[in-house]
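Working notes for the structure below.
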Amino acid sequence: MSSTAHSHHNYIKIFIILSVLTAVEIGITFLGLPRKLLVSLLVGLAVWKAALVALHFMHLKLEKKTLTIIAIVPFVLCVFLSLMLLPDIFPR
Amino acid sequence: MSEAVAVHGAVEPAETPLTPESWGKLGMWLFLAGDAMSFGGLIVAYGALRYHSKSWPVPAEVLGINLTALMTFLLIVSSVTMVLALAGLQEGDKRRFNKFMSFTILGGALFLGLQAYEWTHLIGHTLPHYNLAFGKDLFATTFFVLTGFHGMHVTGGVIYNSSVLAAVNRGRYQAKHVEIAGLYWHFVDLVWILIFTFVYLL
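So the protein lines, in turn, are chains X and F.
Here the first sequence is numbered in my numbering, starting from 1 and rising by one per residue.
Here the second sequence is numbered in my numbering, starting from 1001 and rising by one per residue.
Structure (C-alpha cells):
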C-alpha cells in the first residue's frame, strides 16, 4: 500500500515538474535572449521533458534495457539525420 | 550426433525472452520507434526547410502560444490521469480506473476540439492576414502537416482509449492491455512536447 501511495506521489511530482518546465519554456521566450542561447535552452528543456515522460510515465526506468535501446534508436537516427543535413543548412 | 545437439538445445534455453510478461508491450515499443522516426523525419525536414528559407514568420506572433500552452497542459494532465487509471486497475479498483480513464479520453477529445478551433481561426483569419496559406508557403504547409499528423495520432488515441475502457468493463482487457494503450498515449504527449517547442516556441 505504501509503495503504491509512493508511486502516485511520484506521478504527481513528475506532473508538477513538467508543468513548471513548460512555464519556464514560455517564460524564457520573453526574455529577449540571444537566438542561439534561446534555441539551445528550449531544445534542452524539450528533451528533458520528453525524457521525463518516457522514464516515468512510460516506465522505461523500471523496464528491461532492451526497451530503452529500442526507444533510443529513432532518437539517435534523427540526430544523425540532422547532422547529415547540417552542411546543407549552413553552407560554407 | 544431431540428436545430441537437439537434446542439448532442449535442455539449454536459447535466450531469455525480451518481455516474457507481455509481447504486446514489445510490439507497441517497436511500433512507437517506427512512428517516432516518422515524426522525427517530419521535424528534421521542417528544420531544414526553415533554415533554408530567406524569411520565416515569427511563429509565436502568427500562431499565438496562449491556446497552445493550454493544449500542452491538457495533454500532460491526460498523461497523468492515464497513469493513475492504470495504477487504479492494477490495485483492482475499477471505479478509480473508470474515472481516470474517462478523464484521459475527455482530455484528448478536448485537445482535438481546441485544435479544430485553432485551425479554423488560423485558416479563416490569421493566415490570410499574413498572406500565408497551406500549399502556398513553407511556414503554413509544414505547420499543418506536422500538427495534422499529430492530431491524427490524438484522434487514434482517443478511439483506442475508448475501446480499452469499454473492453475492460466487459472483462476482456486487463491492466496489461491498459499499460500498452498508455504507452501509445504517453508517446503522443511526448511528441506534442517536441512539436510545441519546434513549431510554436522556436
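Where is the CB? At the ideal position from N, CA and C, for every residue including glycine.
Contact list for residue i against chain F, beta-carbon separation under 7 angstroms
i, result
"P74/X", "A1033, A1036, M1037, G1040"
"L33/X", "Chain F residues near L33/X: none, gap ~12 angstroms exceeds 7 angstroms."
"L85/X", "V1044, A1048"
Counted within 10 angstroms of its Cβ, other Cβ atoms place residue i as buried (16 or more) or exposed
i, result
"N1066/F", "exposed"
"E1003/F", "Note that E1003/F scores 48 on pLDDT, short of 50, meaning its location in the model is unreliable; the coordinates nonetheless yield the value given after this. With fewer than 16 Cβ atoms within 10 Å of its Cβ, E1003/F is classed as exposed."
"A1087/F", "buried"
"F1031/F", "exposed"
"T66/X", "exposed"
"F30/X", "exposed"
"E25/X", "buried"
"T1120/F", "exposed"
"Y11/X", "buried"
"K1054/F", "exposed"
"L1026/F", "buried"
"Q1174/F", "exposed"
"I1193/F", "buried"
Contact set between residue i and chain F, taken where Cβ atoms lie within less than 8 angstroms
i, result
"V20/X", "Under the 8 angstroms cutoff, chain F gives no residues; its nearest Cβ is about 11 angstroms from V20/X."
"L42/X", "T1197, L1201, L1202"
"L77/X", "M1037, G1040"
"L81/X", "G1040, G1041, V1044"
Beta-carbon neighbours of residue i, restricted to chain X and to distances below 8 angstroms
i, result
"F1208/F", "Since the first and last residues shown for chain F are 1001 and 1202, residue 1208/F lies out of range."
Closer than 7 angstroms at the beta carbon, the chain X residues around residue i
i, result
"D1189/F", "V53"
"V1178/F", "Ordered by position in chain X, no residue passes the 7 angstroms Cβ test against V1178/F, which lies about 12 angstroms from the chain."
"S1079/F", "V53, F57"
"G1157/F", "In chain order: nothing, as chain X lies at least about 14 angstroms away."
"V1083/F", "Y11, F57"
Reference residue i, options the options, closest by Cα
i, options, result
"L1122/F", "A1036/F, N1098/F, Y1046/F, T1147/F", "T1147/F"
"V79/X", "L1084/F, G1041/F, H1129/F", "G1041/F"
"L1183/F", "K64/X, L77/X, L38/X, M58/X", "M58/X"
"V53/X", "F1143/F, W1185/F, Y1200/F", "W1185/F"
"A1069/F", "F15/X, S19/X, K13/X", "S19/X"
"K49/X", "E1061/F, D1189/F, Y1200/F", "D1189/F"
"T1081/F", "I1193/F, E1179/F, M1152/F", "E1179/F"
"L1112/F", "I1043/F, W1023/F, M1152/F, A1085/F", "M1152/F"
"F1073/F", "P1128/F, T1142/F, D1137/F, L1114/F", "L1114/F"
"H1129/F", "K1099/F, V1154/F, E1061/F", "E1061/F"
"H1177/F", "P1059/F, D1035/F, L1194/F, F1097/F", "F1097/F"
Contacts of residue i in chain X (Cβ-Cβ under 9 angstroms)
i, result
"I1076/F", "F15, L18, S19, T22, K49, V53"
"A1116/F", "Simply none; closest approach about 22 angstroms."
Contact test: residue i Cβ vs the ligand FAD heavy atom, cutoff 7 angstroms
i, result
"T1104/F", "Here there are no bound small molecules, and the ligand FAD is not part of this structure."
Below-8 angstroms beta-carbon distance, residue i vs any chain A residue
i, result
"A1175/F", "Going by chain labels, chain A is absent from the structure shown, which instead holds the protein chains X and F."
Report yes or no: do the segment 1073-1081 of chain F and the segment 1098-1106 of chain F share at least 3 C-beta pairs separated by less than 8 angstroms? yes
Does the segment 1133-1149 of chain F touch the segment 1162-1182 of chain F, meaning 3 or more C-beta pairs lie closer than 8 angstroms? no
I want to know whether the segment 30-46 of chain X touches the segment 1192-1201 of chain F - three or more CB-CB distances under 8 angstroms. yes
Touch check for the segment 1037-1055 of chain F and the segment 1157-1164 of chain F: three-plus C-beta pairs under 8 angstroms? no
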